[in-house]
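Numbering (the working numbering), first residue to last: 556 to 1354.
Structure record follows, encoded as structure tokens.
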């Protein structure tokens, strides 16, 4: 196993050890023995920067299921490395922050860090996997682990609701993505992403190409909270703040962006990909920013702002895909779009991570996140206020912070959409810069609301649960580091240009070599005037917000997507409950009725659809009079059981049927089977008599069995189907009989003279062993039930 594989697996391994360490070191906060791992992994992945900077990749593979083309292949290129650094870097800061945010006396920290490590390992697996099936496996692990993290405070109804919502939506998208992966395999014959990219031109005209694209995009859109699937993310804010800072700023929600970026070389040559990715992205950008303005909860504002920012990056990746329609790329529009997407992905992780931590600090130190109760906190929390100013101004796209640089590049990309003369972008593409500019105005408004409504204005101590004060230094270290990165990247953006950004862009557009150079000043251009307009109109809207807030009433809650989701969920639950109550009656006869009915339908359909029902009489032996008499005795005995008036009569008739079968074995020269049948039948009859002796006598109404037409049809149907299968199996000899193999090898290979015993003990030894095991488990279960019932009876007598 390579170090790369170990880097992915190490969080899972540490997750196994966390509960043990938690019990051994109860006085130590569990985060302290988790923190070294993400730090070590971050440093380890930093060592790959010189490799990816030279446009090289590292690939390591372990055979997993080679017969199906599934290997645990890990690939580190510019894009995978960027995400690995975000996962481990932000992960380190989140663990440090959580040590001071979560109390070891009030929280079950062992489960929290197990979930966090599970998520970290799953995300590393997603971004570093070269095989699509392995990627999907880790993809679903991120959904599962995020479900556990969001529902960490499981005693809260909103936490459970948010966890369920995120799981249902993202897993639905994940299953769709699996369908797309299977379609890609059918077209290419491989699960390797690199090999599929090499065949991208050949599969472009395949009829499965568009369905595969739609399935892949559905998975990406649900994971990255694109409209209309964004509704799960605001409810996921019920998770602890460290979870929100990790999952919803830097990692999980960006998995969909990673998938779109990784799949762009395969699908972006089709215009539908560009319109879907860019279109859904720009709509999500607008709707997220518009919805964030009306929120009153700090994390609610940040949740919708995250939706908006994800839409912005998604739209850039969509438009940037147009580069694949050209033979070369220089300092053109297309490089700006993709570079802006990668650059803003980094910037968003820095300022949004710090802002989530600020929201957590405010909640931790005041007892509320409601901006209607907050105000005037800058005097009590000056460091937190400074971090908030840096983060919100960067999010609003103001200089000199890193968000300004990527926002200017975003405007450049949107303005130049009209330069594209294909896929109707030269006409309808005018909507992109307009929507981008309007959404940026709302982004400015909610950024200003977030910081000034919280830290300036009138202080309202009577509305706060705690007396506010500055957070402890341990809780401030992580947001300070992130805020410092916001400033450093803002002033020195080219530190990342050719080390992180350019290799990632090259991985998205593998046929082009991109030279990235980012600067503050580009002259008096359209983008600058758009920014000035955003600031002026943003200030105006902020000042007049109480007057135009009524516009949100045009979107009543009863027509919202959340209402639609809740109604679908409620209707599904009602339908499921109705169907379940129809068959889950508590009676064995009902369950057997359904089982046998499906047995008849499925097997009968298969027999006739496949034209498998064949009867051949050329190899059928003649039937002697003795055999016919025995068959008649068995039939009469079996039918008589149904009409028996007492249990004793039923047992005698059942035994008669079994003993008659043993006579058949004697006639067919199988004395061993006959002896076995006799022994088993004798034991069964004796046990039945013993058990039924202790049962109460049948009542009069139980002795008279009513004729049920349904039961009669099912019974006759099962018998007919089994008979037809037996006759068809006898008539369809697809292979030579294995009987001669046993005849030839029983003595030679097993050194046994009794063929039946050798088959049971040697040739089918494991089968026999498992049968014995099943019987032993059943016996233990029955013994346990009887013992519990006897003990319960004794307790009742004592009481």
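Don't be surprised by glycine CBs; every beta carbon is placed ideally from N, CA and C.
None of these values were measured; they are calculated from a predicted model.
7 angstroms CB neighbourhood of residue i in its chain, flanking five on each side removed
i: residue 1195; result: 1208
i: residue 1019; result: 921, 922, 923, 928
i: residue 964; result: 891, 894, 895, 898
i: residue 1240; result: 1206, 1210
i: residue 1168; result: 1162, 1279, 1283
i: residue 724; result: 777, 784, 787
With 16 other Cβ atoms within 10 Å as the buried cut-off, status of residue i
i: residue 1295; result: exposed
i: residue 571; result: exposed
i: residue 789; result: buried
i: residue 515; result: For the chain, the structure presents residues 556 to 1354; residue 515 sits outside this window and is missing.
i: residue 566; result: buried
i: residue 1275; result: exposed
i: residue 855; result: buried
i: residue 1313; result: buried
i: residue 686; result: buried
i: residue 733; result: buried
i: residue 903; result: buried
i: residue 668; result: buried
i: residue 1257; result: Low confidence applies to residue 1257: its pLDDT is 48, below 50, so where it sits in the model is not reliable, and the reading given next is rough at best. By the neighbour-count rule (16 or more Cβ atoms within 10 Å), residue 1257 is not buried but exposed.
i: residue 918; result: buried
i: residue 817; result: buried
i: residue 621; result: exposed
i: residue 1201; result: exposed
i: residue 967; result: buried
i: residue 1304; result: exposed
i: residue 1246; result: exposed
Neighbourhood of residue i by C-beta, 6 angstroms cutoff - its chain only, sequence neighbours within 5 removed
i: residue 559; result: 615, 629
i: residue 767; result: 735, 738, 739
i: residue 1062; result: 632, 633, 634
i: residue 1170; result: 1282, 1286
i: residue 587; result: none
i: residue 677; result: 693, 696, 697, 700
Minimum C-alpha distance to residue i - residue among the options
i: residue 642; options: 1136, 847, 798, 1005; result: 798
i: residue 757; options: 821, 708, 731; result: 821
i: residue 857; options: 1320, 1247, 988, 796; result: 796
i: residue 972; options: 958, 960, 987; result: 987
i: residue 696; options: 1057, 709, 681, 811; result: 681
i: residue 541; options: 1279, 765, 1326; result: Absent from the structure is residue 541, since the part of the chain shown begins at 556 and ends at 1354.
i: residue 1089; options: 1162, 953, 1211, 1015; result: 953
i: residue 1178; options: 1138, 1139, 1222; result: 1222
i: residue 625; options: 876, 691, 645, 660; result: 691
i: residue 914; options: 853, 710, 1243, 926; result: 853
i: residue 1051; options: 1096, 1192, 673, 607; result: 607
i: residue 604; options: 1053, 1289, 868; result: 1053
i: residue 761; options: 747, 825, 722, 1085; result: 825
i: residue 602; options: 1055, 673, 1031; result: 1055
i: residue 1003; options: 950, 1086, 812, 960; result: 950
i: residue 1015; options: 671, 916, 931; result: 931
Beta carbon proximity, residue i to chain B, threshold 9 angstroms
i: residue 958; result: In summary, chain B is missing from the structure at hand, where a single protein chain is found.
Own chain, CB closer than 8 angstroms to residue i, minus 5 neighbours either side, in chain order
i: residue 808; result: 778, 779, 780, 788, 802, 861, 865
i: residue 1308; result: 1301, 1302
i: residue 752; result: 820, 821, 1065
i: residue 590; result: 647, 650, 651, 654
* Determine contact between the stretch 943-950 and the stretch 904-924, defined as no fewer than three beta-carbon pairs at a distance below 8 angstroms. => Flag = yes, the stretch 943-950 and the stretch 904-924 touch.
* To do: May I have a chain-ordered list of the alpha helix (DSSP H) segments no shorter than 4 residues that lie completely inside the stretch 639-682?
  => Taking only runs of at least 4 residues, no alpha helix (DSSP H) segment lies wholly in the stretch 639-682.
* Can at least three beta-carbon pairs, one atom from the stretch 1052-1068 and one from the stretch 614-627, be found at a separation below 8 angstroms? -> With the cut-off at 8 angstroms, the stretch 1052-1068 and the stretch 614-627 do not touch.
* Which whole runs of the alpha helix (DSSP H) in the stretch 571-649 are 4 residues long or more, in chain order? -> Segments of the alpha helix (DSSP H) lying fully in the stretch 571-649: 591-601, 604-608.
* the stretch 821-831 contacting the stretch 858-866, beta-carbon criterion three pairs below 8 angstroms -> With the cut-off at 8 angstroms, the stretch 821-831 and the stretch 858-866 do not touch.
* Asked: Just checking, does the stretch 774-792 make contact with the stretch 727-734 on the three C-beta pairs under 8 angstroms criterion?
  -> Contact between the stretch 774-792 and the stretch 727-734 is present, because at least three Cβ pairs lie under 8 angstroms.
* Asked: Three or more C-beta pairs closer than 8 angstroms, one from the stretch 713-727 and one from the stretch 696-705: is that the case here?
  -> Judged by Cβ distances under 8 angstroms, the stretch 713-727 makes contact with the stretch 696-705, as three or more pairs qualify.
* Unbroken stretches of the alpha helix (DSSP H), 4 residues or longer, contained in the stretch 930-984 -> For the stretch 930-984, the full-length alpha helix (DSSP H) segments reaching 4 residues or more read 937-951, 957-970 along the chain.
* Asked: Is the stretch 633-642 close to the stretch 576-586, with three or more CB pairs under 8 angstroms?
  -> As far as the Cβ criterion goes, the stretch 633-642 does not touch the stretch 576-586, which means the pair count is below three.
* **Complete alpha helix (DSSP H) runs within the stretch 1279-1352 (minimum length 4 residues, chain order)** => With a minimum length of 4 residues, the continuous alpha helix (DSSP H) runs that stay inside the stretch 1279-1352 are 1294-1305, 1310-1313.
* To do: Say whether the stretch 1140-1149 touches the stretch 1182-1199, bearing in mind that this needs 3 or more beta-carbon pairs closer than 8 angstroms, one atom from each stretch.
  => The answer is no - the stretch 1182-1199 does not touch the stretch 1140-1149, with fewer than three Cβ pairs under 8 angstroms.
* Give a yes or no on contact between the stretch 1007-1025 and the stretch 933-943, applying the rule of three or more CB pairs nearer than 8 angstroms. => With a cut-off of 8 angstroms, the stretch 933-943 and the stretch 1007-1025 count as touching, because enough Cβ pairs lie within range.
* **alpha helix (DSSP H) runs contained entirely in the stretch 715-774, provided each spans 4 or more residues** => Along the length of the stretch 715-774, whole alpha helix (DSSP H) runs at least 4 residues long occupy 748-753, 755-758, reported in chain order.
* Asked: At which residue ranges does the stretch 810-858 contain complete beta strand (DSSP E) runs of 3 or more residues, listed in the order of the chain?
  -> Within the stretch 810-858, no complete beta strand (DSSP E) segment of 3 residues or longer occurs.
* Sufficient close CB pairs (3 or more, under 8 angstroms) joining the stretch 834-842 to the stretch 982-996 -> Note that the stretch 834-842 touches the stretch 982-996; at least 3 beta-carbon pairs, one per stretch, sit closer than 8 angstroms.
* Asked: Whole alpha helix (DSSP H) runs in the stretch 1030-1106 with 4 or more residues, listed along the chain?
  -> As for any alpha helix (DSSP H) of minimum length 4 sitting wholly inside the stretch 1030-1106, the runs are 1057-1063, 1081-1098, 1100-1103, ordered along the chain.
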